[in-house]
Amino acid sequence: MSQYKVKVRWSNGKKEFENVDLNLSERPTLFKAQLYTLTGVPIERQRLMCSGSMIKDDVWPEKLNITEATTFMLMGSADKLPEAPVEKPKFVEDLSETELAAAMDLPAGLTNLGNTCYMSATIQCLKVVPEFCVALKKFDANLSILSSLTNQPDNESVTAALRDLYKSMDETSAVVEPVILLRMMHLAIPRFAQRGEGNVFQQQDANECWTELTRILQQYLKPLNESSKYSNFIDEYFSGVLEGELKCDESPEEPVTKSNENFLQLSCFISQDVRYLQAGLISRMKETITKFSPSLNRDASYTKVSRISRLPAYLTIQMVRFHYKGNVQTNAKLLRDVKFSMILDVYDLCTNELQEKLAPMRLKYKNADDLSATSKSKIIEADQPAGSSTSKEDNTPPAGSTTAEGKQSGVDGAPKSQSVGDQSSGEEKQTSASVTTYSRFLANDPEEMKKYTFEDDPGSNNSGFYELRAVLTHKGRSSASGHYVAWIKKEDQWYKCDDDYVEPIDSEEILKLSGGGDWHCAYVLLYGPRYLDEGHGDTKSNKV
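Be aware that the sequence shown starts at 1, since it is given in the UniProt record's numbering, and climbs by one per residue.
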């Protein structure tokens, strides 16, 4: 038997807790996480003893004799510790890994608690959204003691645990253990607590974790804007609307059926014909289905055409890489290479009405990009020696431009749009005088949030342009195995967040996550608004 109901006597608080759940098959850290919710004593300050043995974080003592109602002694203060004295200056070579991470301002890593990389990657990706962090900080409920004692699902405690975890991550560049959040997630979503061989937690699908977590947050995070027509933050900033028209192919006189459908993710279905993200998105906007026709009184073929009538500020795209194989009863992975870009333009996916609304802001981007191109051209001309001419290679038209013969250049099969901001294979090197990283502005001036959203619809996107903010990848052959990693952008620097190990990387590495082999493959893409900073003309300091 490995599960018991025990007593915990807290000496500092002079309290005793009965019927506390203890599972000896779990790490002691998880038991201490429960004690944190009961007493407020942080795990790192807990001194836990039983039968004269000190309980460490990783393993239970070998000779620990546990029965029902066994008493544990907990020592530790819930009060804030006095601040440490000012330390003497240290040289770089004298710094520990934790101190070095803090000096480099690295994002905090997350400890893998046993196949929990799916959760860690999701948490890291969502944290790049500054408005999301603001909404979480405003959530004022506390962790529920009742849920820890009774093992009852408590979605409110999941939200509180995520808020507290983000707070810990903001206060350090060291590694943080997400034990409280994991415990609350297991209570709220029991299938995530399933165990496999060796009594270790089973690997879970990261996109399922993403969708379940956002579903929970929908219930508790209030909208940031008082004028918002949405009841919660997730719908306000992550939700879009698809407007559909369903027409019977075999009965033209049958009335067209119109519908509106909210979405939190767009899906890019991968097939032999899909080589680019844009193509995968467009392919799902028109589909043929078979359903009962009331005019024909039989099943008939219908064509459904969908267009986006509301763009969210943050667009989540799932690369549908897994399909169920019944013969092996697993979600097998499609390794096909599907290119995605740093800048995404979804203008062509929108309704005519929304396209008209996007036009004014898109014109500002065009004018800003034209100004940037002119400034860059003048700099190049000034650097050219007198009488010199450009090389043959320099005269080659860029991808997406029109040649003298009237043929559009570019990679064969890549989507070509007439709208401003088309992406090309070298777009990461593109320089713009007026487009800057938006997160640095949001941190200092909330009014900057309003520049990329419609005034009458806070949390929307008013241009159709997006900038890649995070990529969640999978390495392996099935969703229930392998490894998940988060790749996030903090200001102008990309970071690879591989559980507890975080390192800065070049942006070129991100575009290599498109698939095609056993390397990390993009599974979920998170795009944020492409920020427009009007009035800046310094091409050296402002880059996409």
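Backbone N, C-alpha and C define an ideal beta-carbon position, used for all residues, glycine too. All of these numbers come straight from a predicted model, not from anything done at the bench.
Reduced DSSP category for R9 - H, G, I as helix; E, B as strand; rest coil: Looking up residue 9 in the sequence shown gives position 9. Looking at R9 - three-state DSSP - the assignment turns out to be strand.
Minimum C-alpha distance to Y237 - residue among K286, R310, T290 and S293: Counted from its first residue, the sequence shown places residue 237 at position 237. If we check each option's Cα against that of Y237, R310 comes out closest.
Cut-off 6 Å between Cβ atoms - residues of its own chain near V175, not counting five sequence neighbours on either side: The count along the sequence shown starts at 1 and reaches residue 175 at position 175. Excluding sequence neighbours, V175 sits near G109, T111 and D500.
Y501 beta carbon near the ligand GDP (any heavy atom closer than 7 Å): Although the ligand GDP was asked about, the structure shown includes no ligands whatsoever.
In DSSP terms, what P61 is bridged to: Translated into positions along the sequence shown, residue 61 becomes position 61. In DSSP, P61 forms no bridge with anything.
Through-space distance from K229 to L358, alpha-carbon basis: In the sequence shown, the residue the question calls residue 358 occupies position 358. In the sequence shown, the residue the question calls residue 229 occupies position 229. Cα-Cα distance, rounded: 20 Å.
First through last residue of the beta strand (DSSP E) which encompasses R310: Sequence index remark: in the sequence shown, residue 310 carries index 310 (1-based). Unbroken beta strand (DSSP E) run through R310: R298 to R310.
Reduced DSSP category for D412 - H, G, I as helix; E, B as strand; rest coil: Residue numbering aside, residue 412 sits at position 412 when the sequence shown is read from its first letter. Low local confidence applies: a pLDDT of 37 at D412 is under 50, so the model's placement there is unreliable, and no value is given.
Local Cβ density within 10 Å of Q272, reported as buried at 16 or more and exposed below that: Locating residue 272 in the sequence shown gives position 272, where the first residue counts as 1. So Q272 counts as exposed.
Segment contact flag, the region 178–195 with the region 44–56, C-beta cutoff 8 Å, min 3 pairs: no
Three or more C-beta pairs below 8 Å linking the region 485–497 and the region 110–129: yes
Supposed close pair R469, L526 - CB separation, criterion 8 Å: The count along the sequence shown starts at 1 and reaches residue 469 at position 469. The count along the sequence shown starts at 1 and reaches residue 526 at position 526. Confirmed, about 5 Å.
Inter-residue Cα distance where the pair is Y452 and P529: Here the question's residue 452 lines up with position 452 in the sequence shown. Here the question's residue 529 lines up with position 529 in the sequence shown. Near 7 Å, if we compare the C-alpha coordinates of P529 and Y452.
Nearest-angstrom Cβ-Cβ length linking V320 and S267, presumed shorter than 8 Å: Here residue 320 refers to the residue found at position 320 when the sequence shown is read from its first residue. Here residue 267 refers to the residue found at position 267 when the sequence shown is read from its first residue. That pair is a contact at about 5 Å.
Neighbourhood of V305 by C-beta, 6 Å cutoff - its chain only, sequence neighbours within 5 removed: The count along the sequence shown starts at 1 and reaches residue 305 at position 305. If we look at V305 and ignore the five residues flanking it on each side, its Cβ neighbours are E245 and K286.
Residue nearest to L354 in terms of C-alpha spacing, selected from L217, Q318, N461 and D369: Taking the sequence shown and counting its residues from 1, one reaches residue 354 at position 354. Ranking the options by Cα distance to L354, first place goes to N461.
Reduced DSSP secondary structure (H/G/I, E/B, other) of R530: Reading the sequence shown from its first residue, position 530 is the one you call residue 530. DSSP places R530 in coil when its eight states are reduced to three.
W519 classed as buried or exposed, judged by whether at least 16 other C-beta atoms fall within 10 angstroms: Position 519 of the sequence shown, counted from the first residue, corresponds to residue 519. With fewer than 16 other Cβ atoms within 10 Å, it is exposed.
Coarse secondary structure for T70, derived from DSSP in three states: Start at 1 with the first residue of the sequence shown, and residue 70 comes out as number 70. Residue state, collapsed to three classes: coil.
Distance between L165 and E171 (C-alpha atoms, nearest Å): Indexing the sequence shown from 1 puts residue 171 at position 171. Indexing the sequence shown from 1 puts residue 165 at position 165. E171 and L165: Cα-Cα distance of roughly 10 Å.
Contacts around L344, its chain only, beta-carbon distance under 6 Å, and the 5 residues preceding and following it disregarded: Position 344 of the sequence shown holds residue 344. Hits under 6 Å: Y466 and Y527.
Assigned secondary structure, Q423 (DSSP; H/G/I helix, E/B strand, else coil): Stepping through the sequence shown from its first residue, residue 423 is reached at position 423. Any reading at Q423 must be qualified, since the residue scores a pLDDT of 40, below 50, and its modelled position is unreliable; the value itself is stated next. Q423 falls in the coil class under three-state DSSP.
Counted within 10 angstroms of its Cβ, other Cβ atoms place A78 as buried (16 or more) or exposed: By one-based count along the sequence shown, residue 78 stands at place 78. Looking at its Cβ environment, which holds fewer than 16 other Cβ atoms inside 10 Å, A78 is exposed.
Length of the line joining the Cα atoms of K5 and M73: Here the question's residue 5 lines up with position 5 in the sequence shown. Here the question's residue 73 lines up with position 73 in the sequence shown. Cα-Cα distance, rounded: 15 Å.
Under 8 Å between C-beta atoms of T159 and F139: The residue you call residue 159 lines up with position 159 of the sequence shown. The residue you call residue 139 lines up with position 139 of the sequence shown. Yes.
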